[in-house]
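Engineer: Dumping the structure here so I can ask a few things about it.
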Amino acid sequence: MDLSILRPSSGSTHSRKRVGRGPGSGHGKTSTRGHKGQKARSKIHKWFEGGQMPLVRRVPKRGFKTRFKQKDLIINIDDLNIFNREKIITPEILRASGLVKGRGKIKVLGRGRLSRPLRVKAHHFSKQAQEKIEEAKGEIEII
Numbered sequence: 009m010d011l012s013i014l015r016p017s018s019g020s021t022h023s024r025k026r027v028g029r030g031p032g033s034g035h036g037k038t039s040t041r042g043h044k045g046q047k048a049r050s051k052i053h054k055w056f057e058g059g060q061m062p063l064v065r066r067v068p069k070r071g072f073k074t075r076f077k078q079k080d081l082i083i084n085i086d087d088l089n090i091f092n093r094e095k096i097i098t099p100e101i102l103r104a105s106g107l108v109k110g111r112g113k114i115k116v117l118g119r120g121r122l123s124r125p126l127r128v129k130a131h132h133f134s135k136q137a138q139e140k141i142e143e144a145k146g147e148i149e150i151i
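Going left to right, the sequence shown walks through residues 9 to 151 as our numbering numbers them.
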């Protein structure tokens with residue numbers, strides 16, 4: 009026996025149904041869709057619920073999303089290692105150095121290690137970031 013001579017057993021496969029190819033095929037004219045009606049013409053959209061009031065219209069409208077919401081700009085401890093210890097790190101310095109982009113509030117997170125003591129001014133600090141800065145003999149200031 010060889011893989012090249014394997015064939016599916018008889019009756020296990022069927023040829024594709026070719027609809028709309030004349031009356032002799034048995035699937036001509038209406039192409040197995042019956043006569044008239046919504047299903048004969050086109051698809052019914054996925055969210056159609058058979059005429060009952062759709063979920064989208066049953067559930068009341070509630071609230072809105074403001075276009076003016078500002079997300080916190082995130083910076084991690086390991087990103088602060090590029091600064092030397094004399095500088096006080098402020099949001100303006102972070103923007104100028106390209107570490108954060110935009111005008112939002114700055115939040116310092118605790119990924120990585122701090123190799124030198126730094127004074128950091130930001131709007132928010134995670135607990136872990138606060139601990140790591142103080143562990144490195146640095147200072148934090150919440151603006």
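Ideal Cβ placement from N, Cα and C applies to all residues, glycine included.
#1: What residues in its chain sit with their C-beta under 8 angstroms from that of D80, if we drop five residues either side in the sequence?
#2: Can you check whether the CB of L122 is closer than 8 angstroms to the CB of K140?
#3: Which class does V67 belong to by DSSP, given the choice of helix, strand or coil?
#4: With DSSP as the reference, identify every bridge partner of I90, one or two as the case may be.
#5: I need the DSSP call for A104, collapsed to helix, strand or coil.
#6: Under the rule that 16 or more other beta-carbon atoms within 10 Å means buried, what is V67, buried or exposed?
#7: Quick check on the DSSP output: the alpha helix (DSSP H) that includes I151 runs from which residue to which?
#8: Whole angstroms is fine: what's the gap from Q60's alpha carbon to Q46's?
#9: Who are the Cβ neighbours of P99 in its own chain at under 6 angstroms, not counting the five residues just before and after it?
#10: Apply the 10 Å Cβ neighbour rule to A137 and answer buried if 16 or more other Cβ atoms are within range, or exposed otherwise.
#11: E147 to L63, Cα distance in whole Å?
#12: Reducing DSSP to helix, strand and coil, say where R127 ends up.
#13: Can you find the residues in the same chain that come closer than 7 angstroms, C-beta to C-beta, to I151, ignoring five residues on each side of it along the sequence?
#14: For the segment 27-88, which segments carrying the alpha helix (DSSP H) assignment without a break, of at least 4 residues, lie completely within its bounds, in sequence order?
#15: Can you grab the Cα-Cα spacing for the pair E149 / K69, in whole Å?
Structural biologist: Checking against the coordinates, here is how it stands:
#1: G112, K113, I114, K115, H131 and H132
#2: yes
#3: coil
#4: Answer is none; I90 lacks a bridge partner.
#5: helix
#6: exposed
#7: It is not in any alpha helix (DSSP H) - I151 carries neither H nor E in the DSSP assignment.
#8: 16 angstroms
#9: I114
#10: buried
#11: 54 angstroms
#12: strand
#13: K129, A130 and H131
#14: 46-49 and 63-66
#15: 42 angstroms
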